[in-house]
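Asker: Per this note's numbering, the sequence shown runs over residues 579 to 1298. After the structure tokens below, expect a handful of questions from me.
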Amino acid sequence: MTPRSTRTDSTSVFALPDNLAAKAGPDLIGADEHQFQLIAAALESTLTELTERLAAARHSQARSGQAAFDRDQEIHRLTARLRTLRRFSLDLCLGQFVFADGRAPVYVGRLGLTGDSGQRLLLDWRSPAAEPFFAATHARPMGVLSRRRYRWVEGRIRDYWDEVFDAAAAVGRPALDDQSAFIASLSASRSDRMRDVLGTIQADQDAIIRAGSAGALVVDGGPGTGKTVVALHRTAYLLYSDPRLGHHRGGVLFVGPHQPYLDYVADVLPSLGEEGVQTATVRDLVAEGRLAPAEPDPAVARLKSSVQLVHGIETAVRFYEEPPSRTVPVATPWGELQLAAADWAEAFAVPDPGSAHNEARDLVWDELAAILFEQAADAGIDEREFGLALRQNRELVRAFNHAWPVLTATELVGDLWSVPAYLRFCAPWLDRDEIASLQRVNPQAWTESDLPLLDAARRRLGDPELARRRRQWEGEQAFARSEMAEVIDDLVAADDSELQVMSMLRVQDLQGALVDESRRPRVDDPLAGPFAHIVVDEAQELTDAQWQMLLARCPSGSFTIVGDRAQARHGFAESWAERLAQIGLDRSRLMSLQVNYRTPAEVMAVAEPVIRAALPDANVPTSIRTTGSPVRYGRLAELDGVLDAWLAEHPEGIGCVIGSADLDGRPRIRSLPPVLAKGLEFDLVVLLDPDGWGSGIEGAVDRYVAMTRATQQLVILRTG
579 MTPRSTRTDS TSVFALPDNL AAKAGPDLIG ADEHQFQLIA AALESTLTEL
629 TERLAAARHS QARSGQAAFD RDQEIHRLTA RLRTLRRFSL DLCLGQFVFA
679 DGRAPVYVGR LGLTGDSGQR LLLDWRSPAA EPFFAATHAR PMGVLSRRRY
729 RWVEGRIRDY WDEVFDAAAA VGRPALDDQS AFIASLSASR SDRMRDVLGT
779 IQADQDAIIR AGSAGALVVD GGPGTGKTVV ALHRTAYLLY SDPRLGHHRG
829 GVLFVGPHQP YLDYVADVLP SLGEEGVQTA TVRDLVAEGR LAPAEPDPAV
879 ARLKSSVQLV HGIETAVRFY EEPPSRTVPV ATPWGELQLA AADWAEAFAV
929 PDPGSAHNEA RDLVWDELAA ILFEQAADAG IDEREFGLAL RQNRELVRAF
979 NHAWPVLTAT ELVGDLWSVP AYLRFCAPWL DRDEIASLQR VNPQAWTESD
1029 LPLLDAARRR LGDPELARRR RQWEGEQAFA RSEMAEVIDD LVAADDSELQ
1079 VMSMLRVQDL QGALVDESRR PRVDDPLAGP FAHIVVDEAQ ELTDAQWQML
1129 LARCPSGSFT IVGDRAQARH GFAESWAERL AQIGLDRSRL MSLQVNYRTP
1179 AEVMAVAEPV IRAALPDANV PTSIRTTGSP VRYGRLAELD GVLDAWLAEH
1229 PEGIGCVIGS ADLDGRPRIR SLPPVLAKGL EFDLVVLLDP DGWGSGIEGA
1279 VDRYVAMTRA TQQLVILRTG
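This is the structure we're talking about:
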């Protein structure tokens, strides 16, 4: 039921319930009321202006490729800003703070907003000037006297909280309640999407969000410390603050652990005004990942997880780039020519090291054709006619295709798992038993462990179809330029004006402007990169091989790496710096989160011994809240009763059964295996026979992670 408001004025933004009447005085909210009137007027004006600019952009004519690209980027930017403004309206405003020097209150919003007269009505939360709203603490007030946070419900303020950083300022403040805004947000019911927490970002989280983008930043923190919140808000902050990371310069890739996690956080970045961020799991980076099961043999998975085997793909490709050691005769209409071994070697050396194999074929062929043409130059033949004759020479084409064949990633990697001698050549460090273990009956029955190798092969080989399309496009453009040159010659010849204006058409830039570069064939995969920055959540789970997939997509080495060593299912004995140096990131910074804002102390008291038994040095954070609900224990047969009772007592919120259960379509209750619960949170968590989930590090981590998903109540049901 919507609470009855103490304010009956329909024009008021405040709709405080009767029990908060003390907060409704004009002396407390009068300045806010006036500010919101200004914000409302500015919003209406801004929406009108943006709508008109969007309409104009959509109707503009952009003839050149760059102009069309710029127009599309402007349309995207305007559309995203309009969507955010319409989505939030006045509740764009998160709160305000007042400096101790007596300056007017500073209002902070999701986006910046300026009034018609140029006054700043809302500071974008990412701007440096807004930092005190999040970062000020009693130990470091940053010149702030007080801070106010609003609680919005359906576009009205239902409550607000004041914090003061000077004891004298606390006098006469009925709204004073330093932690209520934050604690209230922690206690609120969960849903199937991550809640909006921007207004309650804490100082330790804000410091990480605003850290620079250079190099690799590791965000280490245990359950409930807000790692995911930090990762998402840092993504939006970096796109705002660092122009080098803009979408047109590569943008940002956000990598999560699994699809349920991405679904859970899907609304966060759009709510922050960022809709152009690519989000994916590691599986999504490779086309075969969608259907690939886990590797059934742990020993095989370990072998395929190494950087060394991924690097072996280079040797596998180079095997097909060895020039012939014999002379190849080439019959032509102008006589027989010769391609000696030295000629082949010269042509094969033309592509730069590491060039995409399939795309480099054209360079090699062109060099071979040039060598042959030089031999036949005395015949006085046309070079274009000569080139066409070579393309039609079956013997030469056959010899070239054998020497530098078109390759696909699936064929290349499949051969490793079906031709032992080829695998031994590419990975000589493997012993006989290891090579035998990697062979399989169906070499292209891809597993999750194959994906980094497929990715490395595809990047090294390039797309043969893309190369073919580019050749076709270049041929079409050459023909178009030739036709255009004839037209320009005719126009210039017919120009009898005094200034000879038509002669300007011979300027190279003008001729180039008449060619549509926007149609040049490009890679269509939006996840192929390169990206300017990559954010990786639950990074402790990535193998060395999987890391190579991400490093290949971010040449700058600009990463935000978020994880918890204690939640690594396969163990994480080394430090973060050692781990990252092992995969190729030699320079990294570490920032830690130590406070558990989500998991109640009652739950952590049970979860901590579980992980410490397996990992004594685990970074277990300190919980700051209690619920008064101890962990409950029972038998598996009690599951239905537990769920029915909780649903009856809690009209809102979401629960999760972790283990295996038939839930009969119960509303607001999910069922997940332990591995897919990582990164999520639920009001109620029920664990089914967790002692049977496995032993060692993997079993302990699964139990620890599952327990710490609970924000209100944890129930453990066992068979005994």
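Ideal placement from N, C-alpha and C gives every residue a C-beta, glycine not left out.
Across which residues does DSSP place valine 1293 in a beta bridge pair?
Answerer: For valine 1293, which the question treats as bridged, DSSP gives the partners Arg1210 and Val1264.
Asker: Measuring only the C-alpha atoms, how far is threonine 1138 from glutamate 1216?
Answerer: Spanning the two alpha carbons is a distance of roughly 43 Å.
Asker: Which residue's Cα is closest to the Cα of isoleucine 1294: Val1279, Arg1210, Ile1275 and Gly1219?
Answerer: The shortest C-alpha separation from isoleucine 1294 is found at Arg1210.
Asker: Given a cut-off of 8 Å, decide if proline 1030 and glutamine 1118 are closer than it, judged by their beta-carbon atoms.
Answerer: No, they are not a contact pair.
Asker: Nearest-angstrom Cα distance between leucine 1088 and aspartate 1028?
Answerer: Unreliable placement is indicated for leucine 1088, whose pLDDT of 47 sits below 50; the coordinate value is still reported in the next sentence. One C-alpha to the other measures close to 49 Å.
Asker: Measure the CB-CB distance between glutamine 794 and leucine 1266 and report whether it falls below 8 Å.
Answerer: Residue identity check: residue 794 is alanine in the sequence provided, not glutamine. No, the pair does not count as a contact, with Cβ atoms beyond the cut-off.
Asker: Please go through the same chain and pick out, in chain order, the residues whose beta-carbon is closer than 6 Å to the beta-carbon of alanine 620, but skip the five residues on each side of it.
Answerer: Excluding residues within five positions, the ones whose Cβ falls inside 6 Å are Leu691, Gly693 and Leu699.
Asker: Run through DSSP, which three-state label would valine 775 get?
Answerer: The answer is coil: DSSP assigns valine 775 none of H, G, I, E or B.
Asker: Figure out for me which residue from Thr1297, Gln1022, Ser1273 and His1111 has the closest Cα to the Cα of proline 821.
Answerer: Here the closest residue by C-alpha is His1111.
Asker: Which residues in the same chain have their Cβ closer than 7 Å to the Cβ of serine 883, if we skip the five residues on either side of it in sequence?
Answerer: The answer, listed in chain order, is Ser1027, Thr1121, Asp1122 and Ala1123.
Asker: Given threonine 986, which residues of its chain have a CB within under 8 Å of its CB, disregarding the five upstream and five downstream residues?
Answerer: Here the set comprises Leu1039 and Pro1042.
Asker: For cysteine 1004, which of helix, strand or coil comes out of DSSP?
Answerer: Of the three classes helix, strand and coil, the one that applies to cysteine 1004 here is helix, per DSSP.
Asker: As a quick exercise: from Val895, Gln953, Thr905 and Gly608, pick the residue whose alpha carbon is nearest that of asparagine 936.
Answerer: The candidate whose alpha carbon is nearest that of asparagine 936 is Val895.
Asker: Which residue wins for smallest C-alpha separation from valine 885, given the options Tyr738, Ile1161, Gly1277 and Ala1239?
Answerer: Cα-wise, what sits closest to valine 885 is Ile1161.
Asker: Does the beta-carbon distance from alanine 714 to phenylalanine 743 come in below 8 Å?
Answerer: Yes.
Asker: So the candidates are Tyr1282, Ser1238 and Gln780; which of them puts its Cα closest to the Cα of arginine 1147?
Answerer: Ranking Tyr1282, Ser1238 and Gln780 by Cα distance to arginine 1147 puts Tyr1282 first.
Asker: Specify, as a first and last residue, the run of the beta strand (DSSP E) that valine 1188 falls within.
Answerer: It is not in any beta strand (DSSP E) - valine 1188 instead sits in the alpha helix (DSSP H) that spans 1179-1192.
Asker: Tell me whether the beta-carbon of valine 797 lies closer than 8 Å to the beta-carbon of isoleucine 786.
Answerer: Yes, the Cβ-Cβ distance between valine 797 and isoleucine 786 is below 8 Å.
Asker: Leaving out five residues on either side along the sequence, give the residues of the same chain with a beta carbon under 8 Å from the beta carbon of valine 1253.
Answerer: Excluding positions up to five away in sequence, the list reads His836, Arg1147 and Asp1280.
Asker: Could you check what DSSP says for leucine 700 in three-state terms: helix, strand or coil?
Answerer: Leucine 700: strand per DSSP, three-state reduction.
Asker: Confirm, please, whether the CB-CB distance from threonine 657 to leucine 689 is below 8 Å.
Answerer: Cβ atoms of leucine 689 and threonine 657: not closer than 8 Å.
Asker: To test your reading of the DSSP string, which unbroken alpha helix (DSSP H) runs of 4 or more residues are found completely within the region 848-930?
Answerer: Qualifying alpha helix (DSSP H) stretches, in chain order: 876-882, 885-896 and 919-926.
Asker: Please state the DSSP three-state secondary structure of glycine 965.
Answerer: It is helical.
Asker: Could you tell me whether the region 1257-1264 touches the region 1218-1229, using the rule of 3 or more Cβ pairs below 8 Å?
Answerer: They touch, by the three-pair rule.
Asker: In whole angstroms, what separates the C-alpha of glutamate 866 from that of tryptophan 1271?
Answerer: Distance between the alpha carbons of glutamate 866 and tryptophan 1271 is about 29 Å.
Asker: Compute the beta-carbon to beta-carbon distance between asparagine 971 and valine 908, rounded to the nearest angstrom, for a pair I have assumed lies under 8 Å.
Answerer: Between valine 908 and asparagine 971 the Cβ distance is about 7 Å, and since that is below 8 Å, they are a contact.
Asker: Taking buried to mean at least 16 other C-beta atoms within 10 Å of its own C-beta, is glutamate 709 buried or exposed?
Answerer: That one is buried.
Asker: Helix, strand or coil: how does DSSP classify arginine 1270 here?
Answerer: Correcting the residue type first, residue 1270 is glycine in the shown sequence and not arginine. Helix.
Asker: So if DSSP puts alanine 794 in a beta bridge, which residue, or which two residues, is it bridged to?
Answerer: Its beta-bridge partners are Phe1137 and Ser1166.
Asker: Is glutamine 837 helix, strand or coil by DSSP?
Answerer: In this structure, glutamine 837 counts as helix in the three-state DSSP scheme.
Asker: Under a Cβ-count criterion, where at least 16 other Cβ atoms within 10 Å of its own Cβ denotes burial, should glycine 721 be classed as buried or exposed?
Answerer: Under this definition glycine 721 is an exposed residue.
Asker: With distance defined between alpha-carbon atoms, name the residue in Glu1186, Ala925, Gln1172 and Ala1185 nearest to isoleucine 1202.
Answerer: That would be Gln1172, whose Cα lies nearest to the Cα of isoleucine 1202.
Asker: How many angstroms separate the CA atom of phenylalanine 926 from the CA atom of aspartate 960?
Answerer: Using only the alpha carbons, I get a separation of about 25 Å.
Asker: For the candidate residues Thr1204, Phe1003, Arg1246 and Asp740, whose alpha-carbon lies nearest to that of threonine 893?
Answerer: Here the closest residue by C-alpha is Phe1003.
Asker: Exposed or buried, what is arginine 726 when buried is set at 16 or more other beta-carbons lying within 10 Å of its beta-carbon?
Answerer: With 16 or more Cβ atoms within 10 Å of its Cβ, arginine 726 is classed as buried.
Asker: Could you give the residue range of the beta strand (DSSP E) that holds arginine 725?
Answerer: Element bounds for arginine 725: 722-731.
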